[in-house]
Amino acid sequence: MINEMATIQTDLKLENHIKDFATTLKHNNNNSNNTNNSTHTLTTMKTAAPNLTTTTTTSLTNIDTKNIMDTIKESPMQMFYKDKGVFLTGGTGFFGKIIIEKLLRVTDVGQIFLLIRTKKGKDVQSRLDDLFNDPVFERLKKVNPQYREKITLISGDVSQLGLGISTEDRELLKDNVNIVIHGAATVRFDEKLKMAIAINVNGTKEILRLSKEIVHLKAVVHVSTAFAHCNRRYIQEKFYNSPLSGDNACKLSECLDEQTLNLLTPTIIKGYPNTYTFTKVLAEDVVQNYAGNLPVTIFRPGIVITTYREPITGWIDNMYGPCGIIVGVGSGVLRVFSGNVDNKAQLVPVDLCVNALLTSAWDIARNTYDNPPIYNYVPDANNMSTWREYITFGTECGKSLPLRKSIWYPRFTIVPTKFQFYILAFFYHTLPALFMDMLMLVIGKKPRMLKIYRKIHKFCSLMEYFSANDFKFDNDNVRALSSKLESADKELFAFDMRNLNWTEVFQLSLVGVRQYVVKDDPSTIPESMKRHERLKILHYTTLFVVYTLTAVLLYQMFKFLFL
1395 MINEMATIQT DLKLENHIKD FATTLKHNNN NSNNTNNSTH TLTTMKTAAP
1445 NLTTTTTTSL TNIDTKNIMD TIKESPMQMF YKDKGVFLTG GTGFFGKIII
1495 EKLLRVTDVG QIFLLIRTKK GKDVQSRLDD LFNDPVFERL KKVNPQYREK
1545 ITLISGDVSQ LGLGISTEDR ELLKDNVNIV IHGAATVRFD EKLKMAIAIN
1595 VNGTKEILRL SKEIVHLKAV VHVSTAFAHC NRRYIQEKFY NSPLSGDNAC
1645 KLSECLDEQT LNLLTPTIIK GYPNTYTFTK VLAEDVVQNY AGNLPVTIFR
1695 PGIVITTYRE PITGWIDNMY GPCGIIVGVG SGVLRVFSGN VDNKAQLVPV
1745 DLCVNALLTS AWDIARNTYD NPPIYNYVPD ANNMSTWREY ITFGTECGKS
1795 LPLRKSIWYP RFTIVPTKFQ FYILAFFYHT LPALFMDMLM LVIGKKPRML
1845 KIYRKIHKFC SLMEYFSAND FKFDNDNVRA LSSKLESADK ELFAFDMRNL
1895 NWTEVFQLSL VGVRQYVVKD DPSTIPESMK RHERLKILHY TTLFVVYTLT
1945 AVLLYQMFKF LFL
């Protein structure tokens, strides 16, 4: 306990450093004409960086402090999860890691049965070891050193018949599981339809079949997405008709070979931007038609981003979606994007998202509903940010917190049409990439920039649909769910975003992306700032030369034609 309180004191100091940095950065952004801004921000970051280096991976909040100190009386949510068996799919993913960490750190969960498949030559035990090597679990390891005793490995694969689980493991689950959280899915927008159906649709069907065999089942949570029904612009917390039943989709996938199915994919998914959203609709259809009397709920999160508070601020383990945009912009690689900057960005911090999910399981176990309740977990309509705010802040903040290996000075433009994107991408992306690759060939190195930009343009194409369209969501069920929590659980499992400070979220997110995704240690900030200033000089020098040469060329053409 003494060590615990020492960690708390250290982490509270870190929280103050981050808040100081946030205040300074906000001040700098509001006074962009002040020539001392960059120096002031750098001074602040030099103060914060040593603490980030040594203590960020064990950052605490008042939520954690309360949890440690309140050892006499457990909250209703803690009592619900106490001694329960939880079967979790998708536990090795970004979302799943936070579910595991939260349950093991904040509740006295009985056992977590974790479905893991072999992948890339690694067996399930090796993948479990890799899972707990992530810095997001450092806090847990100090609070609960025996956490591994509450993990039971289940070897399987959601894309396989019967989840690929052995008879012995299936019996183990039937007798010991109380709560099922189905989070496994392929989230690749360009996934082949056959594989997407096998994982997202048939996998859901297999989960429900297993759930019906569980003896002491209390709750089943199916993780969908707020954009499952993105063919609509107003999405309510209810079931919608599926363009194809989940059963028929599975039969179609079984009857057709992959090549034929790939050719037919544009026709089959017509009205949906990708196979991910299409198969998520089909999965909801499976839940609606297969759930029967099961205590099941559907949880639809928005675009999930870094942690806000727990267990460490700003943590993420991937560059999908908005975080990928920030890394691309910060590194100077991504300079133009297609979308409507005034559309609402349906961003949700992953820790708040997990709190809402765990609460939905608690609620469905306590209440009986005529139809499975559905939760659109998106920002509150009265407290949302736009893509303009997200990108602008990321760009400006990136100038005060640059990436160590950025290749150019960050400049970013969002255009409303694909035509404008293609034109600007040619000049801002393709031509510089071609020049750099030619330079690489001259010095005897392998060219790679054109290849990188092909991937970037594919990423932009996949993301464009969601940034170009404006979606509105009903989230009355989420509000009602929050109101059911007692005061203790509103702190321990906080997920109400009505008063969320988005500026703070974005600030912490940028710091986290730099540290956990790009792997830039905070101690490299002074070095990165120097590189950033050199790139800035190079950028404006290049612009001056290009504009001067262009002006001279135009003048010579004018003189030749008219004088």
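Sequential numbering from 1395 applies to the sequence shown in my numbering. Quick reminder that beta carbons are idealized off the backbone N, C-alpha and C, glycines included. Bear in mind the structure is a predicted one, so any value in this text is a computation, not a measurement.
Under the criterion of beta carbons closer than 8 Å, Gly1550 and Leu1509 qualify as touching, at roughly 5 Å. Here the alpha carbons of Asn1749 and Arg1892 stand approximately 15 Å from one another.
Of the candidates Leu1676, Lys1866, Ser1881, Cys1791, Cys1791 places its Cα closest to the Cα of Ile1919. Take the alpha-carbon of Val1574 and the one of Lys1632: they are about 21 Å apart. When beta bridges are read from the DSSP output, Ser1732 appears opposite Val1809.
Look at the segment 1632 to 1698 and you find these whole runs of beta strand (DSSP E), each 3 residues long or longer: 1690 to 1695. Counting other Cβ atoms within 10 Å of its Cβ, Tyr1934 stays below 16 and is therefore classed as exposed. Your pair Thr1780 and Asp1736 checks out as a contact, with CB atoms roughly 6 Å apart and the cut at 8 Å. In the structure shown, the three-state DSSP call for Asn1770 is strand. For Phe1887, no beta strand (DSSP E) encloses it, and the DSSP letter there is neither H nor E.
With fewer than 16 other Cβ atoms from the protein chains shown falling within 10 Å of its own Cβ, Lys1664 counts as exposed.
Each residue's CA atom was taken as its position, placing Asp1870 and Gln1630 some 9 Å apart. It is roughly 19 Å from the alpha-carbon of Asp1477 to the alpha-carbon of Thr1483. Across the structure, Ser1618 and Val1940 are spaced so that their CA atoms are roughly 49 Å apart. With 16 or more neighbouring CB atoms inside 10 Å of its own CB, Ile1506 falls in the buried class.
Within the segment 1774 to 1844, the runs of beta strand (DSSP E) that reach at least 3 residues and sit entirely inside it are, in chain order, 1807 to 1809.
Between the alpha carbons of Asn1765 and Val1614 lies a distance of about 13 Å.
The beta-bridge partner set that DSSP reports for Pro1743 consists of Ile1699. In this structure, Asn1668 places its C-beta atom within 7 Å of the C-beta atom of Phe1583. By the C-beta criterion, the segment 1486 to 1502 is judged not to be in contact with the segment 1675 to 1689, since fewer than 3 inter-stretch pairs fall below 8 Å.
The Cβ atoms of His1623 and Tyr1634 sit closer than 7 Å to each other. A straight-line Cα-Cα distance of about 11 Å links Ser1520 and Arg1511. When secondary structure is reduced to three states using DSSP, Phe1867 falls in the strand class.
Look at Gly1479 here: in three-state DSSP terms it is strand. Relative to the Cα of Arg1627, the nearest Cα in the group Tyr1666, Met1843, Lys1467 belongs to Tyr1666. For Ser1903, the uninterrupted alpha helix (DSSP H) run begins and ends at 1896 to 1906, by DSSP. Here the alpha carbon of Met1951 sits roughly 41 Å from the alpha carbon of Ser1861. In this structure Val1872 does not touch Tyr1763 by the C-beta definition: roughly 15 Å separates them, more than the 8 Å allowed. Boundaries of the alpha helix (DSSP H) around Thr1942: 1919 to 1956. Rounded to whole angstroms, the gap between the alpha carbons of Lys1568 and Trp1709 is 34 Å. Three or more beta-carbon pairs separated by less than 8 Å are not found between the segment 1650 to 1662 and the segment 1711 to 1729, which leaves the two stretches without contact. Nearest neighbour of Ile1697 by Cα position, chosen from Cys1649, Phe1865, Met1830, Val1730, turns out to be Phe1865.
Taken in chain order, the complete alpha helix (DSSP H) segments of 4 residues or longer contained in the segment 1520 to 1549 are 1532 to 1537. Proximity to Cys1717 across Asp1517, Asp1502, Tyr1910, Met1843 peaks at Tyr1910, based on C-alpha coordinates.
Nearest neighbour of Met1923 by Cα position, chosen from Pro1841, Pro1826, Ser1725, turns out to be Ser1725. If you check the CB distance, Val1500 and Leu1741 do not come in under 7 Å.
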